Amino acid sequence: MTSATGPAFRYSAGIANEIEQKWQKYWIDNGTFNAPNPVGPLAPQSGAENLPADKLNVQDMFPYPSGAGLHVGHPLGYIATDVFARYNRMLGKNVLHTLGYDAFGLPAEQYAIQTGTHPRTTTMANIENMTRQLDALGLGHDRRRSVATTDPEFYRWTQWIFLQIFNSWFDDEQQKARPIAELIDELESGKRTTKDGRVYADLDATEKQKAVDEFRLVYLSDSMVNWCPGLGTVLANEEVTAEGRSERGNYPVFRKRLRQWMMRITAYSDRLLDDLDLLDWPDKVKTMQRNWIGRSRGAEVTFQAQGTDGNEHPIDVFTTRPDTLFGATYMVLAPEHELVEKLVAEGYEADVDKRWTFGEATPQAAVDVYKRAIAAKSDVERQENREKTGVFLGTYATNPVNGEQVPVFIADYVLTGYGTGAIMAVPAHDERDYEFATVFGLPIVPVLEGGNIDEEAFTEDGPHINSANDRGLDLNGLGKDESIEKAIEWLVGEGAGEERIQYKLRDWLFARQRYWGEPFPIVYDDNGVAHALPESMLPVELPDVEDYNPVSFDPDDADSEPSPPLAKATDWVNVTLDLGDGEKQYTRDTNVMPQWAGSSWYQLRYIDPTNTEKFCDIENERYWTGPQPEKHGANDPGGVDLYVGGVEHAVLHLLYARFWHKVLFDLGHVSSKEPYRRLYNQGYIQAYAYTDSRGVYVPAAEVEEKDGKFFYNGEEVKQEYGKMGKSLKNAVAPDDIARDFGADTLRVYEMSMGPLDTSRPWATKDVVGAHRFLQRLWRLVVDEETGEVTVSDDPMSEEDAKQLHRTIAGVREDYDHLRDNTVVAKLIEYVNYLTKAREQKAGGDVSRETVEPLVQMVSPVAPHIAEELWARLGHEGTITFQAFPTFDESLLVDDTVEVPVQINGKVRARVDVPAEASKDEIESIALADDRVAGLIEGKNLVKTIVVPGRMVNLVVK
1 MTSATGPAFR
11 YSAGIANEIE
21 QKWQKYWIDN
31 GTFNAPNPVG
41 PLAPQSGAEN
51 LPADKLNVQD
61 MFPYPSGAGL
71 HVGHPLGYIA
81 TDVFARYNRM
91 LGKNVLHTLG
101 YDAFGLPAEQ
111 YAIQTGTHPR
121 TTTMANIENM
131 TRQLDALGLG
141 HDRRRSVATT
151 DPEFYRWTQW
161 IFLQIFNSWF
171 DDEQQKARPI
181 AELIDELESG
191 KRTTKDGRVY
201 ADLDATEKQK
211 AVDEFRLVYL
221 SDSMVNWCPG
231 LGTVLANEEV
241 TAEGRSERGN
251 YPVFRKRLRQ
261 WMMRITAYSD
271 RLLDDLDLLD
281 WPDKVKTMQR
291 NWIGRSRGAE
301 VTFQAQGTDG
311 NEHPIDVFTT
321 RPDTLFGATY
331 MVLAPEHELV
341 EKLVAEGYEA
351 DVDKRWTFGE
361 ATPQAAVDVY
371 KRAIAAKSDV
381 ERQENREKTG
391 VFLGTYATNP
401 VNGEQVPVFI
411 ADYVLTGYGT
421 GAIMAVPAHD
431 ERDYEFATVF
441 GLPIVPVLEG
451 GNIDEEAFTE
461 DGPHINSAND
471 RGLDLNGLGK
481 DESIEKAIEW
491 LVGEGAGEER
501 IQYKLRDWLF
511 ARQRYWGEPF
521 PIVYDDNGVA
531 HALPESMLPV
541 ELPDVEDYNP
551 VSFDPDDADS
561 EPSPPLAKAT
571 DWVNVTLDLG
581 DGEKQYTRDT
591 NVMPQWAGSS
601 WYQLRYIDPT
611 NTEKFCDIEN
621 ERYWTGPQPE
631 KHGANDPGGV
641 DLYVGGVEHA
651 VLHLLYARFW
661 HKVLFDLGHV
671 SSKEPYRRLY
681 NQGYIQAYAY
691 TDSRGVYVPA
701 AEVEEKDGKF
711 FYNGEEVKQE
721 YGKMGKSLKN
731 AVAPDDIARD
741 FGADTLRVYE
751 MSMGPLDTSR
761 PWATKDVVGA
771 HRFLQRLWRL
781 VVDEETGEVT
791 VSDDPMSEED
801 AKQLHRTIAG
811 VREDYDHLRD
821 NTVVAKLIEY
831 VNYLTKAREQ
841 KAGGDVSRET
851 VEPLVQMVSP
861 VAPHIAEELW
871 ARLGHEGTIT
881 FQAFPTFDES
891 LLVDDTVEVP
901 VQINGKVRAR
911 VDVPAEASKD
921 EIESIALADD
931 RVAGLIEGKN
941 LVKTIVVPGR
951 MVNLVVK
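Numbering-wise, the sequence shown is residues 1 to 957 according to the UniProt record's numbering.
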């Protein structure tokens, strides 16, 4: 052992580094954290019956291996889950804890394009670097279970799951997914008809395939997508900014109709919503998912409109307020709505309001110009835009409740992805409709009493007015709920509408025009019909191409068409296959899956990572994530016991993972109904950043503080607080902290900074406090001068026992509830107590009975120093599986308590009294105290006030 400064055996960065490397090697060599499975290659040699009765499956959200490497903010959650996992191993549980990498996606591809290096090369290098950084922190991961989404053996099963979903349909009656073969049986038997009502047996082979495809949970659809010519790919909504530009590269994004793979996640809307009640998740996350799914009850109402073809066309609108139909004075379609071209008139009426024409002579010209004008707007921008624009189609629709002819417009604030893509506008009682009506000079008719519609829309509730017709519908004077019921009943009776449950959730766009992603296990025949590949042909591996750049276009070219990079690999695209009916020519799908694919099921592969026959054996899945009604209640859905990650994944990743898992559950591949039983959102480590007079960021590590001001190279700079990262020049690498103080110091500091679920500022200068705590711990066992162990075999004192057992009780409760900051505080307090007690013995050694439980309690949060001290105390092997200390309840209660004694309101003395003493006993003890007796001698005791356990107040004159 060496120490850079001070005594040779003082705990220093040098000694810490040696200890950490030694024990990390020991853990790897001995497979310390290898968790056994019930069956398969990872099962114990002695048989599954010898598995621990209790288990814990703890997991971190899938990290992306960035080329920038980790800063100290990244491992916060990883350290916390490691602490929790280590603590539970000491409770005797079989703990599964590992970490893999979500390595496909646009960032890796873009970086590869910029550097001219293949994305696999950069991705593997990033994974290797991140693994090195994480290993240095002493994380107790089962290394055998680590996976990367880019491993062909992993994405073989991603493709297999895709095919399970593709070859399934959702039975509305049973509310579950079923194999597509069962649907075909029902169609062939006549038990079920096609979507359009045709008899399946009457169709030819191609028509039959198309009829079946309409039921699939994965389907091809001509959908409105976010097309980014500058990047040459379609983007998901979450990859587009509110300004309608790409998050990566800041290129314009256009709404465009393309044929894309979609997943029918909407079929699961009710189950995704209702099963949230079964989950131990933060209320905030549940609310976000509920709002995203957006279930609402209302009516689908039909307005009839005259088309250019001379026929009437029904315009269906969904509304949660059918009771306000009498106030509907115009209609608005999304510009992309399929009826627009059928309804647009040849010309305007002579007296049409010029504000309605968008400056064009004909409705068709106005529609064309308007569509081009809004093409670059994102959905968010269209909804939030305060400037209302639109175009009159030159046609009218009939309001079913009063027969009024209302003009039909298109406007960008209505979207095809929500409701039916058409709205009935009630400007008197909707702010956006009111703004539009005001701009266009449209009628505003109140149907709810209250407010002043000359100034603004009235959006509260009141008695109905102006709401009756001569066909049996009269809502006047009625309240909201009764009016809605009556309106729906009337609409159904008139054939003008029906009750509906509507959702905001849209089907999942599941294709990207990129290279670096999972290929689809789909080929197309000469007729363009999609065929699923058999399992024997998986995985469909990415071809190793030289040119993986997407075909990019002029960023402003909205009319450009995607050309995926894989389309260039013609030898890979064009294949001859025998799919059961002889060899034929096929073409592969040249899109790839989105990055969400791998992260929608990876928790299951962690369970069975070496299984070559199944994505996850259900016996292993049942053990690790199956329902445990005896432990969690009758409605336990199963899932990972603890899932820790940032709240930014509250909706998309978690919603997609829940959807995939529910399909697998329906098909009998898993026993759990949900992927994650318990979710915990950790906060973030943020940092101060500094800008000079030009507003340019300067290196935070080189800024000095003087008299409350901050200086860089002698110039005063401005301090700000925010995200840690390279751009703000305030990132701190964990490697540097581990080098300068040791990984255990970093772990202790991060866990002590505050509650895990809150954000907190990083301050390197405060790290030394955690280091000094570990030095004091070390000194309790090791002589800094000689390196000898200094504990004694003397029995601990009564006070030592009280302090120890109270610490154990508090630390156990805090570890159980992820309160690692208060764990550290209690451990520091106990170390300080032992240090002070030893000093009072004039340097005498502390008792082994007081120190060994301390080392065990420290082990989860600072494992390297704990292992070393445990070994020096004479124990063989690892501390990992040593039973966590228990406590004696009787030692948690004080026999006596100290009570302050006030004389005329001022504390003059303190006395020890029995914890259960009565008021009279406390008063007697206080009056008998020598100091108190001296202070009141010769005075008249007027009054005595006793608050048991709190105070004694003597009033004297």
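A virtual CB, placed ideally from N, CA and C, is assigned to each residue, including glycine.
Bear in mind that the values here come from a model prediction, so they are computed numbers and not experimental data.
- Taking each of 96, 324, 214, 431 in turn and checking the Cα distance to residue 447, the smallest one comes out for 324.
- The three-state secondary structure of residue 946, taken from DSSP, is strand.
- Short of 6 Å from the beta carbon of residue 411, and not among the five residues preceding or following it, lie these beta carbons of its own chain, in chain order: 332, 390.
- DSSP places residue 18 inside the alpha helix (DSSP H), whose first and last residues are 13–30.
- Note on geometry: alpha-carbon atoms of residue 805 and residue 887 lie some 5 Å from one another.
- Going by C-alpha positions, residue 353 is about 29 Å away from residue 322.
- Uninterrupted beta strand (DSSP E) stretches at least 3 residues long and entirely within the segment 539–612 occur at 574–578, 583–588, given in chain order.
- Here residue 54 is not near residue 140, since their CB atoms are 8 Å or more apart.
- In its chain, beyond the 5 residues on either side, 781, 789, 791, 848, 851, 852, 855 have a beta carbon closer than 8 Å to the beta carbon of residue 873.
- Residue 532 has 522 as its beta-bridge partners, per DSSP.
- Contact holds between the segment 293–310 and the segment 335–348, because three or more Cβ pairs, one in each stretch, are under 8 Å apart.
- Minimum Cα-Cα distance from residue 188 among the listed residues 195, 202, 876, 196 corresponds to 202.
- Counting of Cβ neighbours within 10 angstroms places residue 28 among the exposed residues, the total staying below 16.
- For a cut-off of 8 Å, the C-beta gap from residue 130 to residue 883 is around 34 Å, too long to register as a contact.
- Here residue 898 carries a strand assignment [DSSP, helix/strand/coil].
- Per the coordinates, the alpha-carbon of residue 689 lies some 21 Å from the alpha-carbon of residue 768.
- For the 8 Å CB-CB criterion, residue 585 and residue 640 do not form a contact.
- C-alpha of residue 821 to C-alpha of residue 751: approximately 5 Å in a straight line.
- With a minimum length of 3 residues, the unbroken runs of beta strand (DSSP E) contained wholly in the segment 157–216 fall at 168–171, 176–179.
- DSSP places residue 444 outside both helix and strand once states are collapsed to three, so it counts as coil.
- For residue 288, the enclosing alpha helix (DSSP H) stretches over residues 283–293.
- At a Cβ-Cβ threshold of 8 Å, residue 670 and residue 661 count as neighbours.
- When the Cα atoms are used, residue 473 and residue 558 turn out to be separated by approximately 48 Å.
- The secondary-structure analysis by DSSP pairs residue 218 across a beta bridge with 263.
- Residue state for residue 832 is assigned as helix, using DSSP reduced to three classes.
- The closest CA to that of residue 546, considering only 537, 554, 567, is found on 567.
- Counting the other CB atoms within 10 Å of its CB gives residue 722 a total below 16, which places it among the exposed residues.
- Boundaries of the alpha helix (DSSP H) around residue 864: 863–872.
- The C-beta distance from residue 101 to residue 127 rounds to 5 Å, short enough to meet the 8 Å contact threshold.
- The straight-line gap separating the alpha-carbon atoms of residue 408 and residue 396 is approximately 5 Å.
- Per the DSSP secondary-structure output, residue 438 pairs with nothing in a beta bridge.
- Contact between residue 292 and residue 655 holds, since their C-beta atoms are separated by about 7 Å, short of 8 Å.
- Rounded to whole angstroms, the gap between the alpha carbons of residue 300 and residue 328 is 14 Å.
- Residue 144 is positioned such that its CB atom lies no closer than 8 Å to that of residue 795.
- Residue burial annotation: residue 501 is exposed, with fewer than 16 other C-beta atoms found within 10 angstroms of its C-beta.
- Between the C-alpha atoms of residue 491 and residue 73 there is a straight-line separation of about 57 Å.
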